[in-house]
Amino acid sequence: MINLNCKIETPKNIDELLKLLAVENFNSKILAGGTDLIVGKIQGSKRFVDTELLIDINKIEELHKIDLIDDKIIIGASTTFSEIENNKIINEHLPLLKKAVSKIGSLQIRNRATIAGNFVNNAPCADSVPPLLVYNAELELISFGNKRTISLENFLEAPYKTQLQKSELVSKIIIPVPDKNIIGDFYKLGRRRAVAISRITLAVLCRIENNSFDDIRIASGAVTPIGKRFYEIENFTREKRINNDLLINLSQMLGEEILKITGLRWSSAYKLPVVQQMFYQLLNNIVIKK
Amino acid sequence: MNKEFSVIGKSVIREDAFDKVTGKAKFADDYKFDEMLYAKMIRIKATHAKINSIDFSEIENQKDIYVITANDVKGKNLVGLIKHDQPIFCNEKVVTPGDVIAMIVGEDEDKLEHLAKKVKVNFTPLPTLTDPTKALDPDSVLIHPEEKSNLIIHHPLRKGDIEKGFSESDEILEQTYTTQLIEHAYIEPESVIAIPKEDGIKIIGSIQNPFTTRRIVSLATDLPLEKIEVIQAQLGGSFGGKDDTMCILSARAAVASLKTNKPIKIKYTREESILESYKRHPYILNYKVGYTKDGKIKAMKIDILADGGAYCSMSPFVTWRTVVQATGPYEIENVHTDVRAVYTNNPYTGAMRGFGSPQPIFAQESLMDEIAIRLGITPDEIRRINGYKNGSVTATGQKLQNHDVNILTVLNKAVALTNFSNKWKEYKKEKSVLNEYEFEKPILKKNKFIDPKKLYQKGIGLAVSFRGCSLGAEGLDETYCYMSIEKNGLVKMLTGLAENGQGLRTTLIITAAETLGIIPDKIQFLETNTSLIKDSGPTVASRGTIMGTGSVKNAAEILKERLIKIVKKGFHLDDNDVIDFRENLVFSRKKGLLTNFDFVCQLALEQKENLTAIGYYKSPEVHWNEHNGQGDAYFTYVYGCQVAEVTVNIGTGEVFLNKITAVHDPGTVINRLGALGQIFGGVTQGAGYGIFEEITHEDGMIRELNFDQYLIPTAKDIDEIKPYFVEGNDIYGGYGAKSLGEPTLELTAAAIANAIRNATGKRFFNLPINLEELVLGKKIRPQNLNRGSL
């Protein structure tokens, strides 16, 4: 048996949950899938060492569903990767998210791990983050008597750090339904074909009109300290005519942007050339498919 | 040989399968006893250090907590399977980070975890030696100063005249290859319980070799062998890895149990397991090969250095197999080989599936392809020119006889199954298609971007090997089998060999069933317990089948002869009548069906016949001259050829394993299902060796202490494995069955490396060929061992 040295509470509804979170003198953490938290706790991670109370949200139905309301897709915080992978709404409107979550860990991990847990943990390699960033995902954060909305991009602060306050819970992810003519792709590089921590992730969404990029959104993971959008490249690209030189140029720009952020690290010798190379390949695939 | 069998060669479900898939099987950690205490190891964060003092004062007043140190070891504190150089508790110095200084023992594991931090060890760090190439320098740090040198062993081999061989060659090729440190990665970490008995001690554990464990526990406790009973729990994988480590853990548990008079359990976390357990040797292999324009190899000069790490362990035997097999299955007149193993402060290395063969096979099979490419012929042609035939003489001067020397048969079969030569020519690159990058200029020039149509490159490669069966000249090689038949026809059997998860019991049950003419369900295999049967040597060296079937068949034949007498007497048959036993029925050649097996066993009771027997099998004589490396090293050999078909992403360095075709001659296949399992498992493990796995360390401190960083292949990493058996004839073993476990693993990495060469036009000299190796031609890794997620 694993001894977590922690109290566990299992609230039945959001109200109970928020009251538990509001208790000031308890060092609490939300427990959903537990695929990061429990492992970290066992490994003695300093992030969880002071945690005295785990609040298990798995019994709260409202946090666990996917809806399409008007022009927004609402994903409950404790929806698992397997559920996202197999959901019709996601398949139809958010193919990059489906592709990203279907490559996470193993089937057993995907059956437990949740979407909110992925970005609340905010590992550099969180696979769902780049697609959520290009889909302009917003988060609803709730606490006792309060509610606020924040973009995922602003929510993510630094590796393993977010804007989430102690009394707060991510309740849902809100994603505007993308235009029908938006295309794109997600790319993941791992060291093996399953149960692989990402070395590089890339997500690109774009609209191509008259052989030029009408709109483009680019995000990466695992190559920068946290998942990141590249607005400068996006702005540069708009309305540019698509040809091989442009795709090469964009790939070089991505390399430069990443280099600016990370500097030359031990892993740069591999990751920098490869991220440019594979971004170029990804853009080619998207353009060819079109 | 007659290969018409009724059970042998069929697919038989393993006798332990149901228990294992339903969770009923009992592994070591499933055993619990009243008043059982747990033990927690005390280590320090040092690679090489002198221990000045150990301060237990902060925990001394704790109730029911015991401290166990070298002072509690009543027998010898220094033990080892070959050389006695490994302490059970390191009270003077540590020579590698896995070393254990002391243990604290108590009933609450969490509390022990907490108390362990309060033990204060005062130590002085010593200079470290982590580069094996510096181990023999005159001014090198000595790991074990009493040994006077860091040399563990040197195996020379001299055949013919090496200089004459080079002078007769048209071309000479010299290359250096390296292989990495490898973790066994058994699914079950080490676990053992020592239980005090009235007059001795009982050990239950995840133990590969119960008799070796008994010997080490006896050394440590000073108890005679007969007072130590070692029982093997169901084993969750071993791959050669649960030998030395489990002996020492058992000794520690036994010492603590004798001191406290309570059952003591030691169970390791994955991190402790990887930290302390021994690994597969990293090798540095230099080969100089002389050959003629016609592709005939005239001379091979080989210089190999193995990193033995902190302790001797099995290094002398591992490197001995290397010296015997280092040329590969090629007949070469002039061979000059030196294989050395040295001490360093690195994790120690010992037995692992392959045992000194995967390393030279990677080098020698890469070289054979390089020679073929230089001569403008295909890899299969160069091997046909030089490969062994019946009667060939090996590098050790041994004439290959008494079995089918099937190296070219397996090669030709694999080539035909895969359309090898045509594909190889089609995929072949005249020069490297890989980019070269400059670290200082990380933004790619336009010409470095890869045309999307050329991103994926296909390749095919092969590797062949010969392998000596069983222990060879390593030592005494014999096995025993006790067999009895109850009056209801139930057969009970027991051997001194151990079931290590490879399916040996089922293989031996099939052998007995075939001999006795009954179905396997009527045979029960008894637990492996050192107090019940004579030592049959360790279950290593792919010797379980060849040696085990020998003694089982012998026991069953003794009983069958008696059963025939009983039948003849009971049914009043002529002396010259022939009795057949088939599928539980008994036939007379003259009278046809007589009765069933069970009835004969009842007759035995009435006739007061003894239906118990002891089977014995001894290997034929082998010879070895350690001064010149000449002799009949092994009494027989097996042969294999594997073909890897890969797709390489030349942008990322990913290698996709599309298909591995594995053609093996293991002699007679006993259990088809078990044999297929060996191929699927061995190929997968070999693929991990080729492209994923590596234990790395920073000044001796291991980076990959769990499976988040030590990556082994998953089921998704190989698309298809195609096994094929060529069942060669042999006069040894039961029914001509030989070895398969290790041959399946030793070829895969070499075949993949050759396929990558075919796909990219570039030769890779250093395993594993991981992403960075492929893209950058080198390994890169962080110096900081801390992880962001913690």
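Heads up: the protein sequence lines correspond to chains R and A, in order. Heads up, the first sequence is in my numbering, so the first residue is 433 and it goes up one at a time. Heads up, the second sequence is in my numbering, so the first residue is 1472 and it goes up one at a time. Where is the CB? At the ideal position from N, CA and C, for every residue including glycine.
Leaving out five residues before and five after residue i in sequence, what residues of the same chain have Cβ atoms less than 8 Å from its Cβ?
{"i": "T1601(A)", "result": "T1518, T1815, N1816, N1817, H2168, D2170 and G2171"}
Measuring only between beta-carbons, confirm whether residue i sits less than 8 Å from chain A.
{"i": "A555(R)", "result": "yes"}
{"i": "P562(R)", "result": "no"}
{"i": "A464(R)", "result": "no"}
{"i": "G392(R)", "result": "In the structure as shown, chain R starts at 433 and stops at 722, and residue 392(R) therefore has no counterpart that could be examined."}
{"i": "E688(R)", "result": "yes"}
{"i": "D559(R)", "result": "no"}
{"i": "N716(R)", "result": "yes"}
{"i": "G549(R)", "result": "no"}
{"i": "S514(R)", "result": "no"}
{"i": "L621(R)", "result": "yes"}
{"i": "S460(R)", "result": "no"}
So with Cβ pairs under 8 Å, would you call residue i a contact of chain R?
{"i": "K2187(A)", "result": "yes"}
{"i": "L1926(A)", "result": "yes"}
{"i": "R1741(A)", "result": "no"}
{"i": "G2122(A)", "result": "yes"}
{"i": "K1917(A)", "result": "yes"}
{"i": "D1501(A)", "result": "no"}
{"i": "F1910(A)", "result": "yes"}
{"i": "I2227(A)", "result": "no"}
{"i": "M1472(A)", "result": "Any reading at M1472(A) needs caution, since the residue's pLDDT is 47, under 50, leaving its predicted position unreliable; the model's value is listed next. False, the Cβ-Cβ gap to chain R never drops below 8 Å."}
{"i": "P1923(A)", "result": "yes"}
With a CB to CB cut of under 6 Å and the five nearest residues on each side skipped, what residues in its chain are close to residue i?
{"i": "K1439(A)", "result": "An answer regarding residue 1439(A) cannot be provided, because it is not within the stretch 1472 to 2261 covered by chain A."}
{"i": "T2016(A)", "result": "T1978 and A2208"}
{"i": "T1731(A)", "result": "Y1537"}
{"i": "I2029(A)", "result": "A2084"}
{"i": "I1658(A)", "result": "G1707 and G1708"}
{"i": "D1714(A)", "result": "Q1679, N1680 and A1822"}
{"i": "G2041(A)", "result": "L2074"}
{"i": "G2232(A)", "result": "K1900, K1902, S1903 and V1904"}
{"i": "I1755(A)", "result": "T1649 and L1776"}
Cutting at 7 Å between CB atoms, please list the residues of its own chain near residue i, excluding the five before and the five after it.
{"i": "K1589(A)", "result": "E1529 and I1530"}
{"i": "E1802(A)", "result": "N1857, Y1859, S1863 and V1864"}
{"i": "K1899(A)", "result": "N2229"}
{"i": "M1472(A)", "result": "In this prediction, M1472(A) has a pLDDT of 47, which is less than 50 and means its spatial position is unreliable; what the coordinates show is noted afterwards. N2200 and G2207."}
{"i": "A1691(A)", "result": "V1544, G1546, K1547, V1550, I1559, A1722, A1725 and V1726"}
{"i": "D482(R)", "result": "N459"}
Can you look up residue i in the DSSP assignment and give me helix, strand or coil?
{"i": "K2250(A)", "result": "coil"}
{"i": "I434(R)", "result": "coil"}
{"i": "M1785(A)", "result": "coil"}
{"i": "I632(R)", "result": "strand"}
{"i": "P1991(A)", "result": "helix"}
{"i": "Q2156(A)", "result": "helix"}
{"i": "Y712(R)", "result": "helix"}
{"i": "E1700(A)", "result": "strand"}
{"i": "L1947(A)", "result": "coil"}
* To do: Go through the region 1494–1565 of chain A residue by residue and report every complete run of the beta strand (DSSP E) that reaches 3 residues or more, in order.
  => 1508–1513, 1520–1526 and 1537–1539, all fully within the region 1494–1565 of chain A.
* Contact the region 1915–1927 of chain A vs the region 1942–1962 of chain A: 3+ CB pairs below 8 Å -> Verdict: no, contact absent.
* **Completely contained beta strand (DSSP E) runs for the region 1558–1642 of chain A, where each covers 3 or more residues** => Runs found: 1573–1577, 1591–1596 and 1622–1630.
* To do: Enumerate, from N- to C-terminal direction, the unbroken alpha helix (DSSP H) stretches of 4 or more residues contained entirely within the region 1871–1909 of chain A.
  => Entirely contained in the region 1871–1909 of chain A, the alpha helix (DSSP H) runs reaching 4 residues are, in chain order, 1878–1889 and 1891–1898.
* If you pair each beta-carbon of the region 1558–1575 of chain A with each one of the region 1531–1541 of chain A, do three or more pairs fall below 8 Å? -> These segments touch.
* To do: Pick out the complete beta strand (DSSP E) segments inside the region 549–600 of chain R, 3 residues or longer, and give them in chain order.
  => If we require 3 residues or more, the beta strand (DSSP E) runs fully inside the region 549–600 of chain R come out as 570–575, 578–583 and 588–590.
* Asked: What are the complete alpha helix (DSSP H) segments, minimum 4 residues, inside the region 621–702 of chain R?
  -> Annotation note: the region 621–702 of chain R contains the following uninterrupted alpha helix (DSSP H) runs of length 4 or greater, listed N- to C-terminal: 663–669 and 676–694.
* To do: Could you tell me whether the region 622–632 of chain R touches the region 596–607 of chain R, where touching means 3 or more Cβ pairs closer than 8 Å?
  => The region 622–632 of chain R makes no contact with the region 596–607 of chain R, as fewer than three CB pairs between them are under 8 Å.
* Could I get the ranges of all uninterrupted alpha helix (DSSP H) runs contained in the region 1997–2060 of chain A, with 4 residues as the minimum, in chain order? => Runs found: 2015–2041.
* Cβ pair count under 8 Å reaching 3, the region 1743–1751 of chain A against the region 1845–1852 of chain A -> When Cβ pairs closer than 8 Å are counted between the two stretches, the region 1743–1751 of chain A is seen not to touch the region 1845–1852 of chain A, the count staying below three.
* To do: Pair every Cβ in the region 2084–2098 of chain A with every Cβ in the region 1938–1946 of chain A, then say whether three or more of these pairs are closer than 8 Å.
  => With the rule of 3 Cβ pairs closer than 8 Å, the region 2084–2098 of chain A counts as touching the region 1938–1946 of chain A.
* At which residue ranges does the region 1812–1877 of chain A contain complete alpha helix (DSSP H) runs of 4 or more residues, listed in the order of the chain? -> Listed in chain order, the complete alpha helix (DSSP H) runs (minimum 4 residues) inside the region 1812–1877 of chain A are 1829–1846 and 1850–1857.
* **alpha helix (DSSP H) segments (min. 4 residues) lying fully within the region 2106–2174 of chain A** => You should have 2143–2162.
* Asked: Is it a yes or a no for the region 712–722 of chain R touching the region 667–681 of chain R, going by three-plus beta-carbon pairs under 8 Å?
  -> Short answer: they touch.
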